[in-house]
Amino acid sequence: MKIPILRLGKILLSSIQVDLTDADAMQFQNDLVNKIAEMEALGIVIDITSLEVVDSFMARVINDTAGMARLLGAEVVICGVQPYVAMTLVEMGRDLIGVDCTFNLDQGLEIIKERIGMRGDATMIEGEG
Amino acid sequence: MTTQPTNASERMPILDASDIVRARGVARQVAGRIGFGLADQTRLATAVSELARNVVQYGDDGFCEIADLSDANEMRLGILVEDHGAGIDNIDKAMKDGYSTGGGLGAGLPGTRRLMDEFAIESEPGLTRVSIALVRKRS
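Protein chains in written order, with our numbering: chain A, 121 to 249; chain B, 55 to 193.
(1) Name the residue from Pro124(A), Gly129(A) and Leu132(A) whose alpha carbon lies nearest to the alpha carbon of valine 138(A).
(2) May I have the straight-line CA-CA distance separating glutamine 58(B) from glycine 132(B), to the nearest angstrom?
(3) Strictly below 8 Å CB to CB, what residues from chain B border valine 173(A)?
(4) Whose C-beta lies closer than 7 Å to the C-beta of leucine 232(A) among residues of the same chain, with five residues either side of it excluded?
(5) How long is the line joining the alpha carbons of aspartate 94(B) and glycine 240(A), rounded to whole angstroms?
(6) If you count every other CB in all the chains shown that lies within 10 Å of the CB of glycine 249(A), and 16 or more means buried, which is it?
(7) With H, G and I counted as helix, E and B as strand and the rest as coil, what does DSSP make of leucine 134(B)?
(8) Using a Cβ-Cβ cutoff of 8 Å, what residues of the stretch 140-156 of chain A are near chain B? List them in chain order.
(9) Using DSSP with H/G/I as helix, E/B as strand and the rest coil, what is leucine 123(B)?
(10) Output the distance between the C-alpha atoms of isoleucine 186(B) and alanine 121(B), rounded to the nearest integer angstrom.
(11) Expressed to the nearest angstrom, what Euclidean distance is found between the alpha-carbon atoms of methionine 238(A) and glutamine 202(A)?
(12) Would you say valine 189(B) reaches chain A, if we count a Cβ-Cβ gap shorter than 8 Å as a contact?
(13) Is there at least one Cβ from chain A nearer than 8 Å to isoleucine 74(B)'s Cβ?
(14) Check glutamate 160(A) in the structure and name its three-state DSSP category.
(15) With distances taken Cα to Cα, identify the nearest neighbour of glycine 116(B) among Leu181(B), Arg192(B), Lys191(B) and Arg190(B).
(16) Examine chain A for any beta-carbon lying closer than 8 Å to the beta-carbon of alanine 121(B), and answer yes or no.
What follows is the structure, encoded as structure tokens:
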């Protein structure tokens, strides 16, 4: 199971649509981090609207992936955390620590663009391939 | 304390990582069928995911049994996860946040206990059993 990673200028966009096995999740992390480095992406938006279960393993993969992306120099936003996923994670004592979240993809993209703009390299969003 | 699955139960082998996905899917389905709400379905699916992962990671040759133990007064879903691996040396430690012998976060067991209404664990070399249950009064 390969999770598609789409490119939008200097932003990478990925939507997890299926319940992932642990191996799929690690593969996704690997693919995404490599792609960020390869194209020097400035922003990453990961949509998890369709994820009905985020257990401690998946939470760690998401956290780690965000941390890796930031180390490389990219901004990260997670969007679409389901209310019951949020409840379960917090009840379990887990969190998506330090990762910014938004309700939907629209807001996610907006925040990412804003952040990239604040860094002063906004021109790179448009046009450049 | 230990919930023994009786009637209307579903038993699945837990051998590799794909069984984790299947087990949590079945847990959600059964919970929905019984009448648990979405939040409880998610709690149950997540709990099963944590326990099944422990089996794949530490145990050998385990299974997950999901049983509808509801009666006229309450909805009750009981789940038993059993494996035949090395067992847990120190259960008290394993139940603490952040303790892991397998390079994990050490969040699985304590997290699962917080999600469930009932939680029991017993372990010896060759046999580890975790039983959990979620119980809701019928309104």
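Virtual Cβ for every residue (Gly too), placed ideally from N, Cα, C.
In terms of the structure at hand:
(1) Pro124(A)
(2) Low confidence applies here, because glutamine 58(B) scores a pLDDT of 49, under 50, leaving its location unreliable; read the following figure in that light. Going by the C-alpha atoms only, they are around 8 Å apart.
(3) Arg78, Arg82, Thr96, Ala99, Thr100 and Ser103
(4) Here the sequence assigns isoleucine to residue 232(A), which means leucine is not the residue at that position. If we look at isoleucine 232(A) and ignore the five residues flanking it on each side, its Cβ neighbours are Ile131, Gly163, Val165, Glu195 and Val197.
(5) 46 Å
(6) At glycine 249(A) the pLDDT is 43, less than 50, meaning the model places this residue with poor confidence; the figure from the coordinates comes in the next sentence. Exposed.
(7) strand
(8) Leu140, Thr141, Asp142 and Ala143
(9) coil
(10) 11 Å
(11) 29 Å
(12) no
(13) yes
(14) coil
(15) Leu181(B)
(16) no
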